[in-house]
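**Q**
Residue numbers (my numbering): 4 to 564.
(1) What is the DSSP secondary structure of residue 380, reduced to helix, strand or coil?
(2) Helix, strand or coil for residue 523? Go by DSSP, reduced to three states.
(3) In the DSSP assignment, what residue or residues form a beta bridge with residue 445?
(4) On the DSSP letters alone, give me the boundaries of the beta strand (DSSP E) that residue 424 sits inside.
(5) Could you work out which residue in 38, 46, 69 is closest to residue 54 when comparing CA atoms only?
(6) Using CA coordinates, which residue listed in 177, 316, 462 is at the minimum distance from residue 576?
(7) Kindly indicate which residue of 160, 189, 545 has the alpha-carbon position closest to the one of residue 67.
(8) Below 8 Å on the Cβ atoms is my contact criterion, and I expect residue 210 with residue 222 to pass it. Report the Cβ-Cβ distance as a whole number of Å.
(9) According to DSSP, is residue 157 helix, strand or coil?
(10) If residue 528 sits next to residue 496, beta carbons under 8 Å apart, how far is it from one beta carbon to the other, in whole angstroms?
(11) Please list the terminal residues of the continuous beta strand (DSSP E) segment that includes residue 248.
(12) Bridge partners of residue 3, per DSSP?
(13) Does the distance from the CB of residue 390 to the CB of residue 399 come in under 7 Å?
(14) Please state if the CB of residue 463 and the CB of residue 369 are separated by a distance shorter than 7 Å.
(15) Straight-line CA distance for residue 328 to residue 460?
(16) In terms of alpha-carbon separation, which member of 484, 270, 346 lies closest to residue 458?
(17) Three-state secondary structure (DSSP) at residue 173?
(18) Let me know the alpha helix (DSSP H) ranges lying completely inside the region 454-491, each 4 residues or longer, listed in chain order.
(19) Buried or exposed: where does residue 86 fall if 16 or more other Cβ atoms within 10 Å of its Cβ makes it buried?
(20) Count the other CB atoms within 10 Å of the CB of residue 378; is the residue buried (16 or more) or exposed (fewer)?
(21) Determine the contact status of residue 147 and residue 119, defining contact as a CB-CB distance below 7 Å.
(22) Helix, strand or coil for residue 152, going by three-state DSSP, please let me know.
(23) Where does residue 338 fall in DSSP's three states?
(24) Would residue 279 be called buried (16 or more neighbouring beta carbons within 10 Å of its own) or exposed?
(25) Pick out whichever of 80, 84, 122 has its Cα sitting closest to the Cα of residue 415.
(26) Is DSSP giving residue 435 helix, strand or coil here?
(27) Buried or exposed: residue 546, going by 16 or more other Cβ atoms within 10 Å of its Cβ?
(28) Buried or exposed, going by whether 16 or more other CB atoms sit within 10 Å of the CB of residue 19?
(29) What whole-angstrom Cβ distance do residue 472 and residue 486 have, given they're in contact under 8 Å?
(30) Can you tell me the Cβ-Cβ gap for residue 94 and residue 81, rounded? I've got them flagged as a contact below 8 Å.
(31) Quick check on residue 365: does DSSP put it in helix, strand or coil?
(32) Given a cut-off of 7 Å on the beta-carbon distance, is the pair residue 176 and residue 131 in contact?
(33) Taking a contact to mean a Cβ-Cβ separation below 7 Å, would you say residue 260 touches residue 22 in this structure?
(34) Taking 7 Å as the threshold (C-beta atoms), are residue 163 and residue 48 in contact?
(35) Which parts of the region 379-423 are runs of the alpha helix (DSSP H), unbroken and 4 residues or longer, counting only runs that do not cross its ends?
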């Protein structure tokens, strides 16, 4: 019997997707050859053509190889906001036959230290505004030897009336530090790279994800698995070279990387980049560049639709709006439909799958739904203990066998063993997400097995936040849980036991300010509550689930009846 979801498969699409047997960088060669003069990137009204993009990516690769000593398979860190330089660095690293390690630009020095040490990277491409966070790791025990510093304003070559964030408009600074090179100086060297040798089964990109342990883990993706989601996305939505994307989701995150950067490049489309969310600039760009495709998360959409000036803009060019990370509230989806006539098409994926394994059929999406398994994906809902597949309507863990699934976690064979299981001769990824499948084969999120907080679509792993908080001199113990938040969905709350002598000397605001300085803003606790003790099991483990349930009950009791 055919899976139930095939009944609602997008019309005209095959169920199997033949993937190119090439390096992902080869997509640059193809599009630059086909559309040399066409704008690939538009950045605050300054275009960068496909031919210019290819030329600069080649020069970046030449510098990485000849000056930084980057060899095939080496890991190179990429630490910037969305920008032309982010995309150029990504493909320059691939052209050097190396592996991209995308890093959240909200991460701070102590978080970056783990990335550098775990990957063994000796080279990083970093934005000027983020340089102070990475600089302490140069020529230290961390192992960094080369920093290439990009200035966003170097790519502002035309006048614009769009509002420029200060960090984008900032002029170029001078760095007189050994091993530190300005982006423009790198390009001026005009070095030619060696041959492109990485194949489909070589490592391509390694996004990091956390989990039940305190340290993030690198998800090893090959050129083949990266190709799977970028090609699959454009095919699923029938995108063409004449599409114009508004690329506002962060590229370091797999959703933005696959859907708003890699996919458009593959077909030869144009991307309009904003490095930071700005609802006014987004609407201006939609009207000015006749944007057809917009990938967005729910918090951005809520803010966009609440703009009192939204009616002043012509949004008629929009043809598709998609996203994921967190369910779109039903009322917001209705408001969007009334405004544009378009459905918000949701999907589901993970860093371990380099974005989507499930997407709603564009012609028949369901609200607040993960969608159906896409090309060549075998996704099942199973009993988390027995791993037996469950019938429609019953809750179990999502497991996935698919071409976009990672090879494993970098340098962590134990974590790799724990996340994979073999069933029917196939290697399945255990997602840790609890879901149900309806009678038509659509998947719906119910809960999660993993201890995780979903704040505005960003995954926050309490164990990682706790590990960082223990560096505060006043904290004896900390337990991080989720608290309800009207705007973010969930937010980060820390229950803290202070060391003797610090009671009355250290406030909740002090803890929050310190956390904000030492970890990414989306991870840092927005609520701190001091407690005398934390409940523990007989083996001494903090009973976080008990504290989480108490918090949920308190929030439920506070709701108006």
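Where is the CB? At the ideal position from N, CA and C, for every residue including glycine.
**A** Here's the rundown:
(1) On the chain shown, residue 380 is found 377 positions in, with the first residue counted as 1. Three-state DSSP puts residue 380 in coil, outside helix and strand.
(2) If you number the chain shown from 1, residue 523 lands on position 520. Coil, per DSSP.
(3) In the chain shown, counting from the first residue as 1, residue 445 sits at position 442. Per DSSP, none; premise fails for residue 445.
(4) On the chain shown, position 421 is the one that residue 424 refers to. Residues 423-426.
(5) Along the chain shown, one-based indexing puts residue 54 at 51. Ranking 38, 46, 69 by Cα distance to residue 54 puts 38 first.
(6) No answer is possible for residue 576: it lies beyond the span of the chain, which begins at 4 and ends at 564.
(7) Numbered from its first residue, the chain shown carries residue 67 at position 64. Among 160, 189, 545, the Cα nearest to that of residue 67 is on 189.
(8) As a working mapping, residue 210 is identified with position 207 in the chain shown. As a working mapping, residue 222 is identified with position 219 in the chain shown. With 8 Å as the limit, residue 210 and residue 222 qualify as a contact, their Cβ atoms being about 5 Å apart.
(9) Within the chain shown, numbered from 1, the residue matching residue 157 stands at position 154. The answer is helix: DSSP assigns residue 157 an H, G or I state.
(10) To locate residue 528, count along the chain shown from 1; it is residue 525. To locate residue 496, count along the chain shown from 1; it is residue 493. Right, the Cβ-Cβ distance comes to about 6 Å (below 8 Å), so this counts as a contact.
(11) Reading the chain shown from its first residue, position 245 is the one you call residue 248. Residue 248 -> beta strand (DSSP E) spans 247-250.
(12) With the chain covering only 4 through 564, there is no way to say anything about residue 3.
(13) What you label residue 390 is simply residue 387 of the chain shown in a count that begins at 1. What you label residue 399 is simply residue 396 of the chain shown in a count that begins at 1. Going by C-beta atoms, residue 390 is not nearer than 7 Å to residue 399.
(14) Mapped onto the chain shown, residue 369 falls at position 366. Mapped onto the chain shown, residue 463 falls at position 460. No, these two residues do not count as a Cβ contact at 7 Å.
(15) Counting from 1 along the chain shown, the entry for residue 328 is found at position 325. Counting from 1 along the chain shown, the entry for residue 460 is found at position 457. If you take the alpha carbons of residue 328 and residue 460, they lie about 4 Å apart.
(16) One-based indexing of the chain shown puts residue 458 at position 455. Nearest of 484, 270, 346 to residue 458, Cα basis: 484.
(17) For the purposes of this step, residue 173 is identified with residue 170 of the chain shown, where counting begins at 1. Coil, per DSSP.
(18) 465-472
(19) By 1-based counting over the chain shown, the position of residue 86 is 83. When all chains shown are included, residue 86 counts as buried.
(20) Translated into positions along the chain shown, residue 378 becomes position 375. Buried, by the Cβ-count rule.
(21) Position 144 of the chain shown, counted from the first residue, corresponds to residue 147. Position 116 of the chain shown, counted from the first residue, corresponds to residue 119. In this structure, residue 119 lies closer than 7 Å to residue 147 by Cβ.
(22) Sequence index remark: in the chain shown, residue 152 carries index 149 (1-based). Residue 152: strand per DSSP, three-state reduction.
(23) In the chain shown, counting from the first residue as 1, residue 338 sits at position 335. If DSSP states are grouped into helix, strand and coil, residue 338 belongs with the helices.
(24) The sequence position of residue 279 within the chain shown is 276, counting from 1. Its Cβ having fewer than 16 others within 10 Å, residue 279 is exposed.
(25) As a position in the chain shown, residue 415 is number 412, starting the count at 1. Comparing Cα-Cα distances from residue 415 to each of 80, 84, 122, the minimum goes to 122.
(26) Along the chain shown, read from residue 1 onward, the residue named residue 435 stands at position 432. It is a strand residue.
(27) By 1-based counting over the chain shown, the position of residue 546 is 543. Under this definition residue 546 is an exposed residue.
(28) Counting from 1 along the chain shown, the entry for residue 19 is found at position 16. Exposed is the call here.
(29) In the chain shown, the residue the question calls residue 472 occupies position 469. In the chain shown, the residue the question calls residue 486 occupies position 483. Rounded, the Cβ-Cβ distance is 16 Å, inconsistent with contact.
(30) The count along the chain shown starts at 1 and reaches residue 94 at position 91. The count along the chain shown starts at 1 and reaches residue 81 at position 78. With a Cβ gap of about 11 Å, residue 94 and residue 81 do not count as contacting.
(31) Numbered from its first residue, the chain shown carries residue 365 at position 362. Looking at residue 365 - three-state DSSP - the assignment turns out to be coil, as it is neither helix nor strand.
(32) Reading the chain shown from its first residue, position 173 is the one you call residue 176. Reading the chain shown from its first residue, position 128 is the one you call residue 131. For residue 176 and residue 131, yes; Cβs fall inside 7 Å.
(33) Residue numbering aside, residue 260 sits at position 257 when the chain shown is read from its first letter. Residue numbering aside, residue 22 sits at position 19 when the chain shown is read from its first letter. No, these two residues do not count as a Cβ contact at 7 Å.
(34) For the purposes of this step, residue 48 is taken as the residue at position 45 of the chain shown. For the purposes of this step, residue 163 is taken as the residue at position 160 of the chain shown. Going by C-beta atoms, residue 48 is nearer than 7 Å to residue 163.
(35) 416-422
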